[in-house]
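These notes concern the structure reproduced below.
Residue numbers (the numbering used here): 354 to 909.
This is the structure:
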C-alpha cells in the first residue's frame, strides 16, 4: 500500500520504504506505516490502544486505503488542470508562432488590431467601474475566441454599442432643433405586441429620478441619461400611455395658417417640385390665387404634405403637356388647377346665406385645423322629447340636454307658456352626419339655435360662436381658439363670440389674422343671445340687475 501511495504522490523517504520492506512483524510494520501517515489525533489514539499487532496493522491499512483514494482523486484533478494548462500553453505557443509567421509574411493579426482599436475608442471615456470590468471581460473573450464564431460576432456587436456611446462626453448646447441628432417621432403610434411595449420600456429612460443609472437589458451596464434632452413628436395625445405622457413636457404646436402655407409654398415647395419635374420658372408659374385654390379646395391638413403632393401633380401634368407639344409654358390659374386636379375634394366653409330661424353658426376644432359648424334646431308639436342627430358624441349630447334644461328654467323670461316644453319636441341636427362630432364647445351654439327655434327669432348669419354652457347660464372657456378663429375668417365671418376667459388666447393669433375681426367676450348665456339674435327674444333671460352685464367687445 505504501508503494501505491508513493506512486500517487505521497512523500515518504526511500529509507522508510527500505525498512518497511524488510519487516515481518505486523506490529512494527503498523507502527512504521502509521508514523508516516497524516493521522488525526483520535485515529492515532485508537491505533495506540490496539495491542494485537495484526489488528493494529488492519486499522493502519484501512487509513492508508482512504488516503490512497484521496490521492487518486487529487491526481485526477491535477491531471485535468495540467491538461488545461498544457492546452493554454500550447495555444499560446501556437499563437506566438502564428504571430511570428504573420510578421514574416507581412500579415497583421486582425483580432489583436481589433482589440487595440476598441481600446483606443474607449480612451478619454469615463466608464463606471462596472462597465469597465464588463468591457475588459469581453475584450479578453474576443482575444481568446475564434474570429469566425457566432459568439465573437455577438461580442463585437456589444463592444460596438459600448464604444459608440458618449458616456461622460457632452456636446455643446445647440438650440437649433432643425438639426437635432435624433428625435422619437410620432410616439402616439407606438403599440404593444408579443415582443413587448416600447412605451413602457421608455418610462425609466424619461424619468429624471431614475435615468441617472439606467440599465439596458442588452448592455447590462448602468448608463447616465440624466443630461440627455429627449425630443418626441405626436399628432394626438389620447393614444399615449398616461404614465408615459406624465414624464414629458407637452408643447402644443398649431397648424399652419393660410398665409404661412402660401409663403412656404412660394419659397420652398414650388421650386422643389419644379426641379424634380424638370421645369423652370418660365415653364410653370404659381400665382397666389392658384396656390390658394389648391390649399382651400384640395387639401385640408395642419401640415404641408398633401399641398406638396398636389403641387407636384400639377407640375407633372404640365411637364407632360409641354413634352408632348400640347402646350407652352403656363401660368397656373384657379380654373387650370381644377382642370388638372379634377373635382375639388373639399368645399370652402361659407357663412349662412341669410339670417335664419333655428340655425346658428358654431366653431369646431379638428386635427387638421378649425371648421365652421352649423347647428340646426326645430320645435315640433310633441311630448317634450329631445332628438339629436348628426353622429354626435356623448359630451355633445349632454351639452344639448344641458342647454334645453337651462331654457326650460328660463321659460318665463323667454315669454313661453309653462306647458310649452311638455307639448313640443325639439330636434337638434348638426349637418355632415357622416363625420363624428364631440366636445363641449358647441354648448352656446345649441342654446342659441334652440332659443331661435322656440321664439321664432332669426340668428345673425355674420356671427360665429363657441363656448361651453352650464345649467346656471355661465359660459366656460374652450380650446383651439386660433384654429376656430381661422375657420371663421375663412368662412367670411367677422364677429366671433368667445368665452371671457379665452381673451388671453388672442395673443397666440398673429396680428394680420385678427385684422378686421370683432371679438365679443361673454360670460353668460344672455350675453350670447343678445349678440347672436337679430333682435332680443322679448326680454333677455336672466333679467336680474346683478346679471345685466354687457359683453366685452374688442375689435382688432
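C-beta atoms are modelled at their ideal positions from N, C-alpha and C, and glycine is treated no differently.
In the DSSP assignment, residue 729 falls within the unbroken beta strand (DSSP E) covering 722 to 734.
Contact annotation, residue 564 with residue 552: C-beta distance approximately 15 Å; criterion of less than 8 Å not satisfied.
By the C-beta density criterion, residue 765 is exposed, having fewer than 16 other C-beta atoms within 10 angstroms. For residue 471, the secondary structure class from DSSP, reduced to helix, strand or coil, is helix. Here residue 407 has 379 as same chain residues with Cβ atoms under 6 Å from its own Cβ, once five neighbours each way along the sequence are excluded.
Secondary structure at residue 867: helix, using DSSP grouped into helix, strand and coil. Beta-bridge partners of residue 638 (DSSP): 684.
For residue 651, the secondary structure class from DSSP, reduced to helix, strand or coil, is helix. The alpha carbon of residue 420 has as its nearest neighbour, out of 571, 398, 393, 403, the alpha carbon of 393. Cα atoms of residue 746 and residue 828: separation of roughly 20 Å, rounded to the nearest angstrom. The continuous stretches of alpha helix (DSSP H) do not include residue 849, which lies in the beta strand (DSSP E) extending over residues 848 to 852.
In this chain, the beta strand (DSSP E) harbouring residue 740 covers 739 to 742.
For the pair residue 715 and residue 819, the CB atoms are nearer than the 8 Å cut-off. For the pair residue 735 and residue 782, the CB atoms are not nearer than the 8 Å cut-off. In the DSSP assignment, the residues bridged to residue 778 are 733. Listed in chain order, the alpha helix (DSSP H) elements of length 4 or more contained wholly in the region 766 to 831 are 773 to 776, 796 to 808.
For the pair of segments examined, the region 696 to 712 was found not to touch the region 636 to 643: the number of CB pairs separated by less than 8 Å stays below three. Collapsing the DSSP output to three states places residue 583 in coil. Distance between residue 741 and residue 539, taken at the CA atoms: about 36 Å. Put simply, the backbone Cα of residue 840 is about 5 Å away from that of residue 723.
Under the three-state reduction of DSSP, residue 877 is assigned to strand.
Between residue 386 and residue 399, the beta carbon gap of about 15 Å keeps them out of contact (Cβ cut-off 8 Å). Looking at the DSSP output, residue 709 sits in a beta bridge with 812. Separation of residue 598 and residue 768 (C-alpha to C-alpha, rounded to the nearest whole angstrom) is 51 Å.
Every alpha helix (DSSP H) of 4 residues or more that sits fully in the region 567 to 638 is shown, in chain order, as 595 to 599, 611 to 617, 623 to 629. Residues of the same chain with a CB within less than 6 Å of the CB of residue 651, apart from the 5 flanking positions on each side, are 663, 694, 698 in chain order. Residue range 834 to 843 is occupied by the alpha helix (DSSP H) that includes residue 838.
For residue 771, the number of other beta carbons within 10 angstroms of its own is below 16, and it is reported as exposed. When the beta-carbon positions are compared, residue 821 and residue 796 come within less than 8 Å of each other. For residue 400, the enclosing alpha helix (DSSP H) begins and ends at 394 to 402. Its chain contains 644 as the residues whose beta carbon lies nearer than 6 Å to that of residue 618, once the 5 sequence neighbours on both sides are disregarded; these appear in chain order. The residue among 837, 857, 812, 794 with its C-alpha nearest the C-alpha of residue 883 is 812.
Residue pairing by DSSP places residue 546 opposite 549 in a beta bridge.
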